[in-house]
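Working notes, beginning with the structure itself.
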Amino acid sequence: MLDGKPLQMISGEMHCARVPREYWRDRMKMAKAMGLNTIGTYVFWNAHEPVKGQYDFTGNNDITAFVKTAQEEGLWVVLRPSPYACAEWEFGGYPWWLLKDSTLKVRSTDPKFLAAYTNYINQLAKQLVPLQVTHGGNILMIQIENEYGSYSDDKKYLDINRQVFRKAGFDGVLFTCDGADQMPKGYLPGYLPAVNGLEDPVKVKELINKYHNGKGPYYIAEWYPGWFDNWGKKHAKVPADQVAQTLDKILAAGISINMYMFHGGTTRGFMNGANMNVNDPYSPQVSSYDYDSPLDEAGNATEKFYKFREIIAKHLPTGQKLPDVPAKKPTINIANIKFDASADIFNNLPKPSVSAKPLCFEDLDQAYGFVLYRTQIKSGGTLKLDGLRDYAIVYLNGKQIATLDRRLKQDSVMLNQVLSNTTLDILVENNGRINYGPFLADNRHGLTKSVTLNNTEVLNWKMYRLPFNDLSGFMFKPGLNTVVHPGLYKGIFTLTNVADTYFDMHAFGKGFVFLNGHNLGKYWQIGPQQTLYVPAGWLKKGKNEVVVFDELKTSHQSLSAINHPILDQNTTN
Ligand code: GLA
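187 is the number that the UniProt record's numbering gives to position 187 of the sequence shown; each next residue is one higher, with no gaps.
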């Protein structure tokens, strides 16, 4: 009930960090046109506190502006500031710097964790407490934790979460959400237990009644009209007809719903997470978060969108009409952008850190990206990188010998014909910290245990930090033949007309792309994602600069952009 009148939330999830700020309003207008009255959103702690104690609520991280834009567009908001989010987001939204203290236990009553968490929520409260419905704003409800029952069952920890929010000033309706089987462990007595992933209206009501007061309200906090993708796995597709029928049943039963996702957008930069479970190896997610959701990655209505719109329209009070659906956005092709300068990263190494044993990213004070580990060896044998996280390219005297991939449980390689005074280089990439499952708390990166050669520990390392926050510090040389290792390729191109487009990465190996200073996300030849979405708003009429980093292939001459995404092609490379 809202002000004494029944309200059925027809909500769709989208995340401010996954949508360029210039498009928030556009995507919200699309939500209205589909018939949504509410936006569900996580708030990612690691986006707002990238460095301990330094808060960022500006630009694409301006969560206040995001919520206010929804209000201006006539949308309620369900806020999910957990701060554990899962969401296929690096470390589930936790900041990497929590791992600098190897004894700190996230998602627990560890006082060190709770202190950091409380500081952050107090800052977030300054932004969002005034926007709760209890203060005249549009935030209807606030989620505590996120599917906690899938992780553990400490009701004391759950209650501390509640207190942190209350003390910070969040005085609105608090709720938890869990998968049906995990609800006994994840609900907090007295607070609305929303369910995730359960679709049968009778079962939804029975379950929520069991753990609440028997009077509702009934809320499915995550209902999945699509799904996400992992590198090297098949593209997920969820048929539109099937989910439209389910939506119809849920709405007819008067149940409130949040579709996860309404608009997934893109996980840019190094912000993707990874799955790993006891029987499932480490598996990082792709950059596109298209999610096969009703609104595609570029904000266009899909077949699913129109089907959902029809269903929602059926359930509207008589006389109420939905706004027209805005037209599909135009797209362009950009043929043959010629690279004309390049930089080999081996010729662009910063000052190294030095230590007997290899240090992990966190001990090197590095969040994301790559570290090049270098040492000298005198003989060959089995090289083992114990605790490799997550991907390594091994070089002897600058020549690539092997790649080792945590997804494939690879951590060893035979080094043959090694002479004394051989330089061993290991370029280690953080492919995304685990965001879900029992290994969440075990998430340090780089070379995290030891390096051995024939069971003897290899010592005396130089470590070169390559976080790729931006590309300053790299000296580009004219021409392309300068690169024989992982390298950067720069191209300048001129446009008379800008529109959405997709960089075609088929010819490239593994890396990421910067456009006019924006990191568009990662590509990897194994697929299924083969293109990178380029939002029109980040292109310029006139000169544009693109830089591709490729760690596996060399000799690139050019790059093209096509007018559609390719998200469903796997290769065996
Ligand atoms: C869970 C989580 C979400 C998301 C989905 C899968 O339900 O709560 O954050 O990870 O799975 O997309």
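Note that the Cβ used here is the ideal one computed from N, Cα and C, for glycine as well.
Local conformation of residue i per DSSP, three classes
i	result
N300	coil
Y373	strand
T103	coil
T448	strand
A335	strand
K399	strand
L408	helix
G319	coil
W538	helix
M475	coil
G527	coil
M183	helix
Q417	coil
V458	coil
L349	coil
T109	coil
L36	coil
K553	coil
A507	coil
Pairwise C-alpha distance: residue j and residue i
i	j	result
residue 589	T375	The question about residue 589 has no answer here: the residues shown for the chain are numbered 1 through 573.
I426	T452	13 Å
G473	R465	12 Å
G369	G511	10 Å
G265	A327	18 Å
D62	N416	54 Å
P478	I312	57 Å
P83	G517	29 Å
V534	K540	12 Å
A335	S555	18 Å
N348	R407	29 Å
L520	K215	47 Å
L131	L99	32 Å
P217	K52	38 Å
T382	L459	15 Å
P201	Y395	57 Å
W538	L515	8 Å
D365	R444	11 Å
A240	P467	40 Å
P81	I144	7 Å
P20	V418	50 Å
V173	V133	9 Å
F439	N279	12 Å
D18	F57	Note on residue identity: the sequence assigns Arg, not Asp, to residue 18. If I take the Cα positions, the gap works out to 15 Å.
I562	L322	33 Å
Cβ-based neighbour list, residue i, same chain, cut-off 7 Å, excluding 5 preceding and 5 following
i	result
H212	L192 and P193
K543	I492 and T494
W524	W231 and K510
E73	R25, M28, K29 and K32
Q410	L404
K235	For the record, residue 235 in the displayed sequence is His; it is not Lys. Here the set comprises D229, P528, L567 and D568.
D296	D290 and T302
G254	Q8
I526	W231, G232, N570, T571 and N573
N122	A168
Whole-Å CB distance - residue i paired with residue j, under 8 Å assumed
i	j	result
V354	K462	6 Å
W223	M261	That belief does not hold up - the Cβ atoms of W223 and M261 are roughly 10 Å apart, past 8 Å.
F361	G299	34 Å between Cβ atoms; not a contact.
A274	R433	7 Å
F339	K490	6 Å
L188	L158	5 Å
Q127	T64	5 Å
Cβ shell of residue i (< 8 Å), same chain only, five flanking positions each side left out
i	result
L488	S342, A343, I345, L471, F474, F476, V547, V548 and F549
Q530	D504, M505, H506, Y523, I566, L567 and Q569
I257	M9, I10, S11, Y219, I220, W223, L247, I250 and L251
N421	Q376 and K378
N397	T422 and T423
F305	M30, M34, P294, L295 and V325
S560	N333, I334, A335, N336, I337, F503 and D504
E199	I220, W223, T246, K249 and I250
Proximal residues to residue i (C-beta, below 6 Å), its chain only, five neighbours per side dropped
i	result
Q71	N138
Y120	W45 and E49
T403	I393
T448	C360, G387 and R389
A87	Y42
G197	G179
Cutoff 9 Å: residue i Cβ touching any chain C Cβ
i	result
S256	Structure shown: chain C not included; a single protein chain is present.
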